[in-house]
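A short write-up of the structure that comes next.
In my numbering, the protein residues as written are 12 to 168.
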């Protein structure tokens, strides 16, 4: 059974999420419509230019999106459905590099019926930054990407 490293936060979708486990994702916070996760960029996550591969940043943001979209403690009626991506856009703003710690902060912006809209911001900071502390800007590093996800709740198979 796969489990991402957790800092006191758990989520049922992590039980079999082998991609998030491989990435080394740590869940810092998760609640209804919100998730904050982080991971350290490793060599195998880099592209030929020596910076984080865009697909790694996308997959990382997508994991935060999934955690924010799906209930931590589903009700009996929620247990028969899952919320997945209907579409996403990502804008890469700055590169991130090996050894940096990236943090994704996902927040629900709107929800109506079976559809939702989520914004995920991805930040990068040097590994030697104080864990758990925020710079004077109040963010977990420098903003490197913005991910907007459109969700859809569908029946569980």
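The C-beta atom is built at its ideal place from N, Cα and C for all residues, glycine as well. Please read all numbers here as calculations on a predicted model, not as lab measurements.
Can residue 159 and residue 98 be called in contact, C-beta distance under 7 Å? no
Measure the alpha-carbon distance for residue 103 versus residue 47 and round it to whole angstroms. 19 Å
Could you check what DSSP says for residue 153 in three-state terms: helix, strand or coil? strand
My output table needs one value for residue 52: the three-state DSSP class, helix, strand or coil. coil
CB-CB under 8 Å to residue 85, same chain, minus the five flanking residues each way: which ones, in chain order? Excluding sequence positions up to five before and after residue 85, its CB lies within less than 8 Å of the CB of 23, all in the same chain and listed in chain order.
What residue does the alpha helix (DSSP H) around residue 7 start on, and which one ends it? What the structure shows of the chain is the stretch from 12 to 168, and residue 7 is not part of that stretch, so it cannot be assessed.
Rounded to whole angstroms, what is the Cα-Cα separation between residue 21 and residue 83? The alpha-carbon of residue 21 is positioned some 8 Å away from that of residue 83.
For the alpha helix (DSSP H) that contains residue 117, what are its first and last residues? Counting along the chain, residue 117 falls outside any alpha helix (DSSP H), though it belongs to the beta strand (DSSP E) covering 112-123.
Return the chain-ordered list of same chain residues with a C-beta closer than 7 Å to the C-beta of residue 134, the five sequence neighbours on each side being excluded. Correct list, in chain order: 113, 114, 150, 151, 152, 153, 154, 155.
When DSSP builds the beta bridges, which residues end up paired with residue 29? Residue 29 pairs with nothing; no bridge assigned.
Within 10 Å of its beta-carbon, does residue 127 have 16 or more other beta-carbons around it, so buried, or fewer, so exposed? buried
Residues near residue 75 by beta carbon distance below 7 Å, same chain, minus five either side: Taking C-beta separations shorter than 7 Å and ignoring five residues to either side along the sequence, the partners of residue 75 in its chain run 46, 48, 115, 117, 131, following chain order.
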